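Offset between the sequence shown (1-based) and the working numbering: plus 95.
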Amino acid sequence: MCVLEDLYRRYGPSTPEGENLRRGQELLREGAYEQALGYFDLAQQHPRTSSQALEGKLEALLALEKYDDAHRTIDAALKDFPDNAVACRYRALLYARENRTDDAIACIDHLLTLDPDDEKAYLAKSELLVKKGDYQAACRTAEDLLARHPDSEAANFEAAKAFFALKQYDKALSLFGKVVRMNPSNTNARKAERRSVEKLRRTENNELRLALTLLDNKMYTDSLRHFAGVLARGENTAEIHYFLGKAYKGLGETDRMIEAMQQAAELAPRSTSPLLEIGEQLLSEGKADQAMDYFDRVLKIEPSNRQANMRRGEYLQRAGRPGEADPYYDRILDKNNNDAEAYLKKGISAMDRYPAAGNPMLYFDKAMEADPTYALPMYYRGQFQLLSGQKTRYALESFNKAAYLAAMSCDEDLLEKCRQAIRELTQTS
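Below you can see the structure in the form of structure tokens.
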């Protein structure tokens with residue numbers, strides 16, 4: 096305890112250096128830059144506060160436009176420690192202000208050797224390369240940044256700007272659209288998205304390709320207008336109607352979506368994609384009987400189609416006919432004997448008919464072998480252990496494992512089911 100107290104006295108906020116740093120930062124926020132400098136100088140003399148003090152001092156010097164003093168401060172910091180990230184970052188900023196773009200980029204490259212995941216450094220480098228007019232290098236930097244930070248709004252926006260500068264408007268549109276979906280209130284991204292569409296319209300001579308690009312970017316109303324233009328020119332193909340249906344689906348116009356998909360199916364009688372789309376749409380509307388007509392048509396064309404076999408099997412299970420469902424799951428497993436979901440469905444089917452259909456644990460174990468991260472087989476394993484009268488501790492073990500896997504996969508509904516089962520078992524035991 097004495098050691099901890101000593102450390103706190105030496106390095107806590109009440110120490111002289113800690114107090115100097117705190118006061119300097121307070122004055123910096125108030126805009127009292129000259130006064131702040133004195134406190135930062137004092138705080139910089141101690142290892143515990145030197146890094147934050149250096150940053151505060153440089154910020155104050157830049158605010159006062161004392162660039163020569165800032166350079167001297169940076170020189171001194173780098174002389175003591177050449178890999179000082181704070182000094183490197185502010186040197187890059189100073190060089191950028193002085194239009195020494197190449198020197199600024201060199202500083203940022205050094206920063207990236209110190210921290211290859213530094214998002215701000217990548218963003219700054221990309222902006223400097225755009226300013227320099229080296230759009231190819233800016234694009235490469237932005238792509239490196241996206242590879243490390245794919246879900247960063249700033250990274251996607253910067254990459255989109257680089258692609259726009261390169262006149263790769265389809266890629267720019269895709270990324271600007273992604274930013275808008277990440278943050279609908281980002282007005283700059285929304286404006287840039289519209290500008291990308293207009294540029295694409297002026298430069299893309301193939302109207303179908305333009306319509307598909309807009310569809311990919313979930314700009315359904317715009318894509319519909321161009322699909323209509325393609326149809327007006329007499330290009331009445333199954334593909335056009337299929338993608339037209341996808342656009343209507345995106346807008347929530349399900350009747351028109353089904354109509355377009357039916358037209359696509361008539362124009363391409365051996366194509367299963369439109370039939371599957373209609374079947375899934377009808378299922379989502381609770382029209383299972385009608386949906387099965389379309390899945391059956393798919394199975395006549397392609398008997399091994401996984402999606403149609405799965406839907407037909409699930410329909411029969413829900414109808415209380417699990418024995419009739421098995422052959423559909425078997426077709427899936429004949430094509431791929433590592434299909435975890437098909438093994439799970441067979442296990443549930445066997446559980447519904449236990450003991451006549453044999454031991455469902457065999458199928459649950461097979462499902463777990465095929466995909467060790469799949470939580471549902473372990474959950475049903477626990478359910479069957481209760482059903483078959485096995486010891487409670489075995490079921491508890493299964494539910495605990497299922498809960499862990501559900502948490503790892505962020506399946507909140509299944510996680511709650513597992514917790515409920517565990518609560519019930521622990522209360523009764």
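The beta carbon of each residue, even a glycine, is placed where N, CA and C say it ideally should be. Because the structure is a prediction, the values reported are computed rather than measured.
Whole-angstrom distance between residue j and residue i, CA atom to CA atom
i, j, result
"Y190", "K266", "31 Å"
"K226", "F259", "14 Å"
"L503", "G418", "In the sequence under discussion, the amino acid at residue 503 is Met, which differs from the Leu named in the question. For M503 and G418, the distance between alpha carbons rounds to 33 Å."
"L457", "A342", "44 Å"
"R416", "N283", "56 Å"
"E519", "G484", "16 Å"
"A516", "M473", "13 Å"
"L270", "G453", "52 Å"
"K512", "T523", "17 Å"
"D311", "N331", "21 Å"
"L482", "Y449", "9 Å"
"N432", "D239", "38 Å"
"D421", "A386", "19 Å"
"A383", "E372", "13 Å"
"Y424", "T349", "30 Å"
"A155", "A497", "55 Å"
"L362", "A333", "5 Å"
"Q376", "P369", "11 Å"
"L188", "A199", "7 Å"
"L411", "L303", "41 Å"
"L500", "P467", "9 Å"
"M463", "K430", "18 Å"
"A201", "R289", "35 Å"
"I169", "E150", "10 Å"
"A355", "L326", "12 Å"
"S280", "S291", "18 Å"
"K256", "N194", "21 Å"
"G329", "H205", "58 Å"
"Q130", "T236", "40 Å"
"K395", "E507", "38 Å"
"P86", "Y128", "Limits of the chain in this structure are 96 at one end and 524 at the other, which puts residue 86 out of reach."
"Q358", "R365", "13 Å"
"K344", "L307", "14 Å"
DSSP-derived helix/strand/coil call for residue i
i, result
"C202", "helix"
"P417", "helix"
"S269", "helix"
"T308", "helix"
"E100", "Low local confidence applies: a pLDDT of 47 at E100 is under 50, so the model's placement there is unreliable, and no value is given."
"T349", "helix"
"H336", "helix"
"T298", "helix"
"Y469", "coil"
"L482", "helix"
"Q263", "coil"
"R514", "helix"
"H321", "helix"
"P111", "helix"
"M405", "helix"
"E507", "helix"
"Y106", "Residue confidence for Y106 is low, a pLDDT of 48 falling below 50, so the modelled location carries little weight; the figure read from the coordinates is stated next. Here Y106 sits in helix by DSSP."
"A216", "helix"
"G228", "coil"
"M314", "coil"
"R545", "Outside the shown range of the chain (96 to 524) lies residue 545, about which nothing can therefore be said."
"S247", "coil"
"S399", "coil"
Close Cβ partners of residue i (< 6 Å) along its chain, the five nearest in sequence each way excluded
i, result
"G477", "A490, S493 and F494"
"A148", "L116, F135, A138 and Q139"
"F299", "The amino acid at residue 299 is misidentified as Phe; the sequence shows Glu. Result list for E299: L305, in chain order."
"P455", "G442, A445, M446 and F479"
"Y106", "In this prediction, Y106 has a pLDDT of 48, which is less than 50 and means its spatial position is unreliable; what the coordinates show is noted afterwards. Excluding sequence neighbours, Y106 sits near R143."
Same chain, Cβ closer than 7 Å to residue i, five either side skipped, listed in chain order
i, result
"L157", "A165"
"D163", "none"
Check: residue i C-beta below 8 Å from any heavy atom of the ligand ZN
i, result
"A191", "Judged by which ligands are present, the structure shown has none, so any question about the ligand ZN falls away."
Contact set for residue i: own chain, Cβ-Cβ below 8 Å, skip 5 residues either direction
i, result
"T367", "V393, I396, E397, N400 and A403"
Can we say the stretch 403 to 413 touches the stretch 386 to 394, given the rule of at least three CB pairs closer than 8 Å?
yes
At least 3 beta-carbon pairs within less than 8 Å: the stretch 237 to 245 vs the stretch 203 to 214
yes
Go through the stretch 130 to 176 residue by residue and report every complete run of the alpha helix (DSSP H) that reaches 4 residues or more, in order.
145 to 158 and 162 to 175
With a cut-off of 8 Å, do at least 3 Cβ pairs link the stretch 318 to 327 to the stretch 279 to 295?
No, because fewer than three Cβ pairs between the stretch 318 to 327 and the stretch 279 to 295 fall closer than 8 Å, the two stretches do not touch.
Three-pair Cβ contact test at 8 Å for the stretch 301 to 320 versus the stretch 336 to 350:
yes
Check whether the stretch 142 to 149 touches the stretch 116 to 126, taking contact to mean three or more Cβ pairs, one atom from each stretch, closer than 8 Å.
yes
What runs of the alpha helix (DSSP H), each 4 residues or longer, lie entirely inside the stretch 418 to 462?
435 to 447
Note down, one range per segment and in chain order, each alpha helix (DSSP H) of at least 4 residues found wholly within the stretch 339 to 396.
349 to 362, 368 to 379 and 383 to 396
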